[in-house]
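Numbering follows our numbering, in which position 168 of the sequence shown is assigned residue number 339; successive positions increment by one, without gaps. Note that the Cβ used here is the ideal one computed from N, Cα and C, for glycine as well. What you are looking at is a predicted structure, and each value in this text was computed from that prediction instead of being measured. One structure is given here, and the rest of the page talks about it.
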Amino acid sequence: MNQLSDPIAVFDSGMGGISVLREMTKLMPNEDFIYYGDSKHAPYGTKTLEEVRALTIEHITYLIKEKHAKAVAVACNTATSAAVRILRDMYPDLPLVGVEPAIKPAVLATGHAKVVVMATPMTLREEKFHKLESLYDEQADIYPLPCPGLMEFVEQGILSGEKLETFLHNLLDPYKDKDITGIVLGCTHYPFLKETIQKIAGPSVTIFDGGYGTAKELLRRLRVADLAQVDNTRKGNVTFLNSSDDPALIQRSKKLLNS
């Protein structure tokens with residue numbers, strides 16, 4: 172049986188989910204967290220559905236069985252699309268959340284919004300995204316933008332600079348004549364690049380990501396399950412784990428959490 176003192180597990184294909192972890196530690200500073208990045212197999216966004224599903228289920232099962240996670244956040248859009256529904260069937264009593272592109276707030280922010288959704292190729296291929304997109308077909312123009320290669324900048328610790336700007340210009344410049352009102356960051360790696368994306372997109376474009384909403388939903392599910400830490404004097408800890416044996420990844424992860 173899960174205990175209040177057990178940790179919350181946050182899982183991602185690499186270090187992108189730290190953007191979600193950051194929101195969770197702000198909202199739940201008295202909880203312990205385990206962050207697991209599967210950098211050994213990153214990126215997920217260019218793998219097959221079957222590969223992503225198998226990897227995600229394997230790692231989440233490890234976090235539940237071996238690390239006694241009382242709740243799980245799948246902080247990866249690609250892994251969410253591939254495996255969250257199955258994981259909920261496997262662990263029906265576990266508070267478990269995924270992430271999805273923040274299309275709704277981007278659409279509702281203005282009259283007939285014009286929104287670019289930046290995400291991995293697999294996220295944009297999956298039925299989950301197409302269902303979400305279809306909800307707003309009549310309210311907005313939505314432009315899915317596959318961004319293979321972008322998450323690797325975060326994995327390498329490159330959050331600004333000429334190389335990144337050139338890469339983003341190649342992605343976003345074709346949309347300059349569409350009067351874009353918003354950009355949705357549909358991969359948890361991308362919030363770490365928000366400042367540079369804003370620079371390339373221009374000040375009239377609003378950037379949206381779903382990290383805070385995911386954190387709020389996890390806290391809600393913890394409370395429903397009576398698993399939310401109630402000792403407000405307690406200071407929680409964050410433990411970083413990674414499937415890669417490169418020690419630099421753990422240091423980079425800590426740096427991203429505090430960035």
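- With contacts defined by Cβ atoms closer than 8 Å, G188 and T359 form a contacting pair.
- For V325, the enclosing alpha helix (DSSP H) begins and ends at M322 to E326.
- Inter-residue distance for E326 and G185 is about 7 Å (C-alpha atoms, whole angstroms).
- Nearest C-alpha to S190 among L265, G382, P292 and I228: G382.
- For N341, the enclosing alpha helix (DSSP H) covers residues E333 to L343.
- Under the rule that a run must span 4 or more residues, the alpha helix (DSSP H) segments found entirely inside the stretch 197 to 252 read 220 to 236.
- Contact between the stretch 345 to 354 and the stretch 279 to 286 is present: 3 or more CB-CB pairs across the two stretches fall below 8 Å.
- For F379, the uninterrupted beta strand (DSSP E) segment begins and ends at T377 to F379.
- Here G332 is exposed. Its C-beta has fewer than 16 other C-beta atoms within 10 Å.
- In the displayed model, L356 falls within a strand according to three-state DSSP.
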